[in-house]
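For reference, the structure is listed below as structure tokens.
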Amino acid sequence: ETVFAEPILMVPSWIMKYYILDLSPANSMVRYLVGQGYTVFMMPWRNPDATDRDLGLQDYLQLGVMDCMAAVKSLTAAPRIHAMGYCLGGTFLSIVAAALGAQKQPTRGRKLPALATVTLLAALTDFSEPGELGVFIDDDQIQTLRDNMSGTGYMPGRQMSGAFQFLNARELIWLRQTRRYLLGEDEVGNDMMSWNADVTRLTERMHSQYLTSLYLDNALASGHFDVGDTPVTLMDIKAPMLVVGTVRDHISPWHSVCKIALLTNTHTTFILAAGGHNAGIVSEPGHPRRSYRQYSVEPGRSRSEPDERLANAPKQEGSWWEALHAFLKARSGAPVQAA
11 ETVFAEPILM
21 VPSWIMKYYI
31 LDLSPANSMV
41 RYLVGQGYTV
51 FMMPWRNPDA
61 TDRDLGLQDY
71 LQLGVMDCMA
81 AVKSLTAAPR
91 IHAMGYCLGG
101 TFLSIVAAAL
111 GAQKQPTRGR
121 KLPALATVTL
131 LAALTDFSEP
141 GELGVFIDDD
151 QIQTLRDNMS
161 GTGYMPGRQM
171 SGAFQFLNAR
181 ELIWLRQTRR
191 YLLGEDEVGN
201 DMMSWNADVT
211 RLTERMHSQY
221 LTSLYLDNAL
231 ASGHFDVGDT
241 PVTLMDIKAP
251 MLVVGTVRDH
261 ISPWHSVCKI
271 ALLTNTHTTF
281 ILAAGGHNAG
291 IVSEPGHPRR
301 SYRQYSVEPG
311 RSRSEPDERL
321 ANAPKQEGSW
331 WEALHAFLKA
341 RSGAPVQAA
């Protein structure tokens, strides 16, 4: 009958189908949050084709994140929202949060809500140590990718999927083939495997800009990333943050995820969850063998060595989703009548 006044907007990565956070009733983060009294919006990225080849990073920020924020405000009349970004969606969200915090970004006539909180799920903002994925990214390899994309206007989803499989080859390639060919065990499908097979494409321009400006130049962490014609810095983020890393993440190593502590000066709660890039995030209450560690830092306090603090934080059994709910609830207004 009542809901929290502040809705939640989820921003997925553009290499992920948005429904990873709503796979099935048993492990849906959307269903969990709705059950706690939140109104939840999810944005899907368009799966581009050759006609979208010139859509770049600025388009994804403006036509994607910012337009969806404006739509949520229009639909709910909420002056503030909770924003949540997963993987590269979190990277994009951090850029928008910085621009809004500094009030540097023209709204282009849109009425954007304020950010009550910013939650980053397995999202890199400092790309100086990108982990094993860095093996695939240098000037020569980016030029090869550009040459390949010049004919199609996009990167095929299966090419990106194959790169991620090599990052965790033992589990995603060799172990599966050993069970199938040597042990004769048929692979039993599940919702995560079906989602993983639903690949997405990436536009030529955006993919090249992303790899060059963020991975190679580390422009966001160094304060040299522009939104429109204006540089933004993560230090401008004003909203309290929840930053989640996972122990066995081969795509966004949690040590690198935590580096945002050195680039911001707002309340930040850090969570280190058991599992990998996907299974560690999709970690519903009741899931066996799940645990997490957590600590918080206030503005003006020493923000060095977040990985050491997390490693020494007490281990808590169960799902980190419950800590997410506690974080959001403490920063939400009084419940209102459901529409």
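For the sequence shown, our numbering assigns the number 349 to the last residue and increments by one with no breaks. Backbone N, C-alpha and C fix where the C-beta goes; we use that ideal spot for every residue, glycine too. The structure displayed is predicted, hence computed values, not measured ones.
#1: Take every Cβ of the stretch 39 to 59, pair it with every Cβ of the stretch 17 to 26, and state whether three or more of those distances are shorter than 8 Å.
#2: Please return the same chain residues whose Cβ sits closer than 8 Å to the Cβ of T12, not counting the five positions on each side in sequence.
#3: Could you give the distance in angstroms between the alpha-carbon of L122 and the alpha-carbon of D201?
#4: What runs of the alpha helix (DSSP H), each 4 residues or longer, lie entirely inside the stretch 32 to 96?
#5: Do C268 and D236 have their C-beta atoms closer together than 7 Å?
#6: With 16 other CB atoms within 10 Å as the buried threshold, where does Q304 fall?
#7: Mind checking whether S104 and T135 have CB atoms under 7 Å apart?
#8: Would you list the one or two residues that DSSP bridges to F235?
#9: Going straight from the alpha carbon of Q72 to that of Q187, what length do you get?
#10: Would A283 and W330 be called neighbours here (beta carbons separated by less than 7 Å)?
#11: From L422 to T279, what distance separates their C-alpha atoms?
#12: Can you tell me which of S301, T274, G66 and P298 puts its alpha carbon nearest to the alpha carbon of G238?
#13: Output the boundary residues of the alpha helix (DSSP H) element that contains T154.
#14: Which runs of the alpha helix (DSSP H) fall wholly inside the stretch 179 to 223 and span at least 4 residues, in chain order?
#15: Have a look at the DSSP bridge pairing and note the partners of Q326.
#16: Between the stretch 146 to 157 and the stretch 201 to 212, do three or more beta carbon pairs fall short of 8 Å?
#17: Pick from P17, C78, G74 and Y164: whose alpha carbon is nearest that of R63?
#18: Y96 and M26 look like a contact to me (Cβ under 8 Å); what is the Cβ gap, rounded to whole Å?
#19: Tell me the residue span of the beta strand (DSSP E) that contains A283.
#20: With DSSP as the reference, label V253 as helix, strand or coil.
#21: Where does S232 land, buried or exposed, given buried means 16+ other C-beta within 10 angstroms?
#22: So P17 and T86 are supposed to be a Cβ contact under 8 Å. How far apart are they, rounded?
#23: Report the residue from A108, H297, Y29 and A60 whose alpha carbon sits nearest the alpha carbon of M245.
#24: Taking its Cβ as the centre, do 16 or more other Cβ atoms sit within 10 Å of R319, making it buried, or is it exposed?
#25: Output yes or no for whether 7 Å exceeds the beta carbon distance between A80 and R41.
#26: Rounded C-beta distance between L33 and V292? I'm assuming under 8 Å.
#27: May I ask you to report which of helix, strand or coil DSSP gives L134?
#28: What number of angstroms, rounded off, separates the C-alpha of N57 from the C-alpha of F102?
#29: Run through DSSP, which three-state label would T101 get?
#30: So the candidates are L334, E195, I261 and P324; which of them puts its Cα closest to the Cα of E294?
#31: Could you check where the beta strand (DSSP E) with L19 kicks off and where it finishes?
#32: Within 10 angstroms of its Cβ, does A340 collect 16 or more other Cβ (buried), or is it exposed?
#33: Could you tell me the alpha carbon to alpha carbon distance between L252 and Y191, rounded to whole angstroms?
#34: Quick one: give me the first and last residue of the alpha helix (DSSP H) that F14 is part of.
#35: On the criterion of 16 or more Cβ atoms from any shown chain inside 10 Å, does L230 qualify as buried, or is it exposed?
#36: Could you tell me the alpha carbon to alpha carbon distance between T274 and T213, rounded to whole angstroms?
Inspection of the coordinates gives the following:
#1: As far as the Cβ criterion goes, the stretch 39 to 59 touches the stretch 17 to 26, which means the pair count is three or higher.
#2: One-based indexing of the sequence shown puts residue 12 at position 2. Same-chain partners within the cutoff: G47, P345, V346, Q347 and A348.
#3: As a position in the sequence shown, residue 122 is number 112, starting the count at 1. As a position in the sequence shown, residue 201 is number 191, starting the count at 1. So the alpha carbons of these two residues sit roughly 35 Å apart.
#4: For the stretch 32 to 96, whole alpha helix (DSSP H) runs of length 4 or above, ordered along the chain, are 39 to 45 and 77 to 86.
#5: In the sequence shown, the residue the question calls residue 268 occupies position 258. In the sequence shown, the residue the question calls residue 236 occupies position 226. No, Cβ-Cβ distance for C268 and D236 is not below 7 Å.
#6: Within the sequence shown, numbered from 1, the residue matching residue 304 stands at position 294. Buried: at least 16 other Cβ atoms inside 10 Å.
#7: Residue 104 sits at position 94 when you count from the first residue of the sequence shown. Residue 135 sits at position 125 when you count from the first residue of the sequence shown. Yes, the pair counts as a contact, with Cβ atoms nearer than the cut-off.
#8: In the sequence shown, the residue the question calls residue 235 occupies position 225. According to DSSP, F235 shares a beta bridge with V242.
#9: Numbered from 1 along the sequence shown, position 62 holds the residue referred to as residue 72. Numbered from 1 along the sequence shown, position 177 holds the residue referred to as residue 187. Those two C-alpha atoms are separated by around 43 Å.
#10: For the purposes of this step, residue 283 is identified with residue 273 of the sequence shown, where counting begins at 1. For the purposes of this step, residue 330 is identified with residue 320 of the sequence shown, where counting begins at 1. Yes, they are a contact pair.
#11: The chain is shown only over 11 to 349; residue 422 falls outside these bounds and no answer can be derived.
#12: Numbered from its first residue, the sequence shown carries residue 238 at position 228. With distances taken between CA atoms, G238 lies nearest to G66 out of S301, T274, G66 and P298.
#13: Residue numbering aside, residue 154 sits at position 144 when the sequence shown is read from its first letter. For T154, the enclosing alpha helix (DSSP H) stretches over residues D149 to M159.
#14: DSSP runs (the alpha helix (DSSP H)) wholly in the stretch 179 to 223: 201 to 207 and 214 to 220.
#15: The sequence position of residue 326 within the sequence shown is 316, counting from 1. Beta-bridge partners assigned by DSSP to Q326: Y302.
#16: With a cut-off of 8 Å on Cβ pairs, the stretch 146 to 157 is not in contact with the stretch 201 to 212, counting fewer than three such pairs.
#17: By 1-based counting over the sequence shown, the position of residue 63 is 53. Residue nearest to R63 within the set P17, C78, G74 and Y164 is Y164 (criterion: CA-CA distance).
#18: For the purposes of this step, residue 96 is taken as residue 86 along the sequence shown, with counting starting at 1. For the purposes of this step, residue 26 is taken as residue 16 along the sequence shown, with counting starting at 1. About 7 Å separates the two Cβ atoms, so the contact holds.
#19: Numbered from 1 along the sequence shown, position 273 holds the residue referred to as residue 283. Counted as a single uninterrupted DSSP element, the beta strand (DSSP E) harbouring A283 occupies residues T278 to A283.
#20: On the sequence shown, position 243 is the one that residue 253 refers to. If DSSP states are grouped into helix, strand and coil, V253 belongs with the strands.
#21: Along the sequence shown, one-based indexing puts residue 232 at 222. With fewer than 16 other beta carbons inside 10 angstroms of its own, S232 counts as exposed.
#22: Locating residue 17 in the sequence shown gives position 7, counting from the first residue. Locating residue 86 in the sequence shown gives position 76, counting from the first residue. That belief holds up - the Cβ atoms of P17 and T86 are roughly 5 Å apart, short of 8 Å.
#23: Here the question's residue 245 lines up with position 235 in the sequence shown. Selected option, being the one with the closest Cα: A108.
#24: Walking along the sequence shown from the start, residue 319 turns up at place 309. Buried, because 16 or more other Cβ atoms sit within 10 Å of the Cβ of R319.
#25: Against the sequence shown, residue 80 aligns to sequence position 70. Against the sequence shown, residue 41 aligns to sequence position 31. No, the Cβ-Cβ distance between A80 and R41 is not below 7 Å.
#26: One-based indexing of the sequence shown puts residue 33 at position 23. One-based indexing of the sequence shown puts residue 292 at position 282. Here L33 really is in contact with V292; their C-beta atoms are around 7 Å apart, less than 8 Å.
#27: For the purposes of this step, residue 134 is taken as residue 124 along the sequence shown, with counting starting at 1. Secondary structure of L134 (DSSP, three-state): coil.
#28: Along the sequence shown, read from residue 1 onward, the residue named residue 57 stands at position 47. Along the sequence shown, read from residue 1 onward, the residue named residue 102 stands at position 92. Those two C-alpha atoms are separated by around 17 Å.
#29: The residue given as residue 101 occupies position 91 in the sequence shown. Of the three classes helix, strand and coil, the one that applies to T101 here is helix, per DSSP.
#30: Against the sequence shown, residue 294 aligns to sequence position 284. When each option's Cα is compared against that of E294, the closest is L334.
#31: Counted from its first residue, the sequence shown places residue 19 at position 9. Run containing L19: I18 to V21, per the beta strand (DSSP E) assignment.
#32: The residue you call residue 340 lines up with position 330 of the sequence shown. With fewer than 16 Cβ atoms within 10 Å of its Cβ, A340 is classed as exposed.
#33: Numbered from its first residue, the sequence shown carries residue 252 at position 242. Numbered from its first residue, the sequence shown carries residue 191 at position 181. Roughly 43 Å separates the two Cα atoms.
#34: If you number the sequence shown from 1, residue 14 lands on position 4. Run containing F14: none; DSSP gives neither H nor E here.
#35: Within the sequence shown, residue 230 is the residue found at index 220, counting from 1. Counting Cβ neighbours within 10 Å, L230 comes out buried, since at least 16 surround it.
#36: Against the sequence shown, residue 274 aligns to sequence position 264. Against the sequence shown, residue 213 aligns to sequence position 203. Cα atoms of T274 and T213: separation of roughly 30 Å, rounded to the nearest angstrom.
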